[in-house]
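In what follows, a single structure is set out as structure tokens and then discussed.
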Amino acid sequence: MAYQKVTTTSYGGRLKKATQGVGMGFLMLIAGTVLLFWNEGRTVKTTKMLKEAQSVCIELGDVDQINVEADGKIVHASGFATTQDILTDGDFDISVNAIKLIRSVEYYQWVEHQHSETKDKVGGGQETITTYTYSKEWVSSPVNSYNFEDPDYRGIDNSVLLSVESNTWQAQNVSFGAYQFPESLISQMNNSRAFQVELKPEVTQYYEEQFHKAYSVSASQNFIHVNGNIVYVGVNSASPTIGDVRITYKQVVPGDVSILAKVNGNTFEKYTAKNGYSLITLEDGTVSADEMFANEHSANKFMAWLLRIIGILLVFGGFKNIFNIITQLLKVLPFLANIADLGVNLVAGVLTAVWCLVVIAIAWLWYRPLLGILLLIIAAALIWFLGKKSKEKKAQLAAQAAAAPAAP
């Protein structure tokens with residue numbers, strides 16, 4: 001059964017919180033503004049770097065031989081990346097010849113969920129009803145049940161059978177024909193696939209003995225179960241109980257890759273453009289230079305819009321927090337506060353649109369003047385249009401007031 005907790009906030013408390021929110025609003029406004037300005041510069045500089053890199057990029061050719069003429073130049077190359085390194089998970093004595101060995105761990109735990117609903121009260125107070133529910137789920141880390149709100153679940157047994165963390169082991173020596181990959185390229189090899197686990201008998205026996213000492217179960221009961229790439233720690237994988245652990249293994253094996261990087265002897269490093277921005281990238285499979293640069297441009301555009309959206313939301317949240325004090329002042333009469341909230345949202349939305357256009361335009365004036373001027377013109381036109389509409393509305397209201405018959 002769900003557990004509910006009711007809290008009340010006085011009118012004075014809400015005003016105090018709203019006043020503090022004004023400060024937070026200005027911080028959000030500043031953060032959003034800085035992010036928007038910085039992002040436009042980042043986008044432009046990254047685009048210029050990619051264009052510069054593409055204009056001087058050459059094909060490395062056969063990677064089985066060192067190309068001395070390519071030394072110090074940015075190159076595109078495709079070939080087979082491999083390693084002789086043996087990666088070992090010491091906890092289970094699992095070893096494999098691979099680029100990466102990836103261990104993901106999940107725990108079966110009681111998890112707390114909460115949902116809150118608020119109601120305004122006449123007089124300006126607020127009542128918040130928080131509902132807490134609990135369920136058994138697979139999670140990435142153990143859950144501390146002593147923080148649960150429901151007394152019936154607080155401190156409930158959430159202990160785990162085996163405490164082991166997720167981890168990734170990575171080869172240090174990866175050859176690419178006659179060349180060696182630096183860590184920055186190795187880390188980008190992420191084309192993983194399931195790793196079929198085979199535990200050594202002595203490893204399984206060791207863990208079984210530990211569990212049988214700790215728990216009163218039949219000597220014939222097994223705690224370690226291996227199925228494909230999963231090591232299940234528990235009595236029955238088909239019916240998990242609290243404390244069970246599920247460990248999944250994946251590996252990145254040698255394979256064909258394509259790179260864009262600067263040659264440095266028999267290895268590679270970042271290519272740094274004149275504006276200080278750099279590039280070193282890898283894609284799985286055989287991918288042409290044009291495709292790789294196109295993918296980098298697409299990634300840059302995606303990041304630009306993602307950061308713009310985040311910046312715009314920060315600015316809107318900032319204005320909303322700044323003007324929220326008006327809504328809170330009217331909470332003594334909730335229906336008036338609801339009307340004020342609509343007005344605050346509208347004003348915050350309009351100010352956000354104008355503010356963000358101006359900030360981006362100023363950034364473009366700095367980084368790309370022609371587009372900046374165009375955007376400033378659009379922003380000025382929007383401000384003029386809003387001002388004109390406001391004057392027309394005031395004139396209309398004044399005319400209606402003048403035409404109204406005088407009261408007897």
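The sequence shown maps to residues 1 to 408 in the working numbering. For every residue, glycine included, the Cβ atom is placed at its ideal position computed from N, Cα and C.
Keeping to the same chain, check which residues put their C-beta closer than 6 Å to that of residue i; ignore five residues upstream and five downstream.
i: Leu162; result: Val233, Val245
i: Pro142; result: Tyr107, Val160
i: Ser184; result: Ile280
i: Ala273; result: Met49, Glu52
i: Thr130; result: Lys5, Gln114, Ser116
i: Ser78; result: Ser258, Thr286
Taking residue i as the reference, which of the options has the closest Cα?
i: Thr327; options: Ala2, Glu59, Ala18, Thr352; result: Ala18
i: Thr8; options: Arg193, Val111, Val122; result: Val122
i: Asn191; options: Ile310, Lys100, Ile66, Lys270; result: Lys100
i: Glu208; options: Pro182, Val235, Val354, Glu198; result: Val235
i: Tyr271; options: Val34, Val56, Asn39; result: Val56
i: Gly285; options: Val263, Glu269, Gly255; result: Gly255
i: Leu29; options: Gly343, Leu346, Ile377, Gly317; result: Gly317
i: Glu40; options: Ala340, Asn173, Gly343, Leu307; result: Leu307
i: Ala289; options: Thr47, Tyr3, Ala53; result: Ala53
i: Asp91; options: Val252, Thr168, Ile58; result: Thr168
i: Phe293; options: Asn144, Ser258, Asn338, Tyr132; result: Ser258
i: Cys356; options: Lys45, Ile309, Ile339, Ala340; result: Ile309
i: Tyr11; options: Val68, Asp120, Gly61, Val63; result: Asp120
i: His225; options: Gly276, Asp150, Glu198; result: Glu198
i: Phe26; options: Thr83, Ala340, Phe319, Ser237; result: Phe319
Taking the CB atoms as reference points, tell me whether residue i and residue j lie closer together than 9 Å.
i: Arg154; j: Tyr249; result: no
i: Glu165; j: Val231; result: no
i: Lys409; j: Val354; result: Here the chain comprises residues numbered 1 to 408, so residue 409 is not present and cannot be evaluated.
i: Ser145; j: Asp157; result: yes
i: Ile322; j: Val22; result: yes
i: Gly177; j: Val63; result: yes
i: Phe80; j: Trp110; result: no
i: Glu83; j: Ser175; result: Per the sequence presented here, residue 83 reads as Thr, with Glu not at that position. Yes, these two residues count as a Cβ contact at 9 Å.
i: Thr43; j: Asn300; result: yes
i: Ile66; j: Gly265; result: yes
i: Ala98; j: Ala171; result: yes
Tell me which residues share the same chain as residue i and place their Cβ nearer than 7 Å to its Cβ, disregarding the 5 neighbours each side in the sequence.
i: Arg14; result: Gly124, Gln126, Gln328, Lys331
i: Gly228; result: Ala194, Gln196
i: Val359; result: Thr33, Leu36, Phe37
i: Ala31; result: Leu314
What three-state label does DSSP hand residue i in the structure shown?
i: Ala81; result: strand
i: Lys320; result: helix
i: Gln328; result: helix
i: Ala261; result: strand
i: Val350; result: helix
i: Ala407; result: Bear in mind that a pLDDT of 46 at Ala407, under 50, signals an unreliable position, so the number given afterwards is only what the model happens to contain. Coil at Ala407, not helix or strand.
i: Ser237; result: coil
i: Glu165; result: coil
i: Ile86; result: strand
i: Asn144; result: coil
i: Asp284; result: strand
i: Lys250; result: strand
i: Thr367; result: A quick correction: the sequence has Tyr, not Thr, at residue 367. Three-state DSSP puts Tyr367 in a helix.
i: Ser220; result: coil
i: Asn227; result: strand
i: Ser298; result: helix
i: Asn97; result: strand
i: Gly343; result: helix
Suppose the cutoff is 8 Å on Cβ atoms and the five residues either side in sequence are ignored; what does the same chain contact list for residue i look like?
i: Thr267; result: Tyr179, Gln180, Phe181, Pro182
i: Gly349; result: Phe316
i: Ile58; result: Ala70, Lys73, Ile74, Val75, His76
i: Ala2; result: Thr131, Tyr132, Thr133
i: Asn173; result: Thr83, Gln84, Asp85, Gln180
Closer than 8 Å: is that where the CB of residue i sits relative to any heavy atom of the ligand COA?
i: Phe211; result: Ligands displayed in this structure: none; no statement on the ligand COA is therefore possible.
Spell out whether any CB of chain C is found under 9 Å from the CB atom of residue i.
i: Arg14; result: No chain C is part of this structure, which consists of one protein chain only.
To test your reading of the DSSP string, which unbroken alpha helix (DSSP H) runs of 4 or more residues are found completely within the segment 2 to 75?
11 to 56
List in chain order: all unbroken beta strand (DSSP E) runs of 3+ residues lying wholly within the segment 173 to 213.
174 to 176, 192 to 194
Taking only runs that begin and end inside the segment 105 to 142, name each unbroken beta strand (DSSP E) of 3 or more residues, in chain order.
126 to 139
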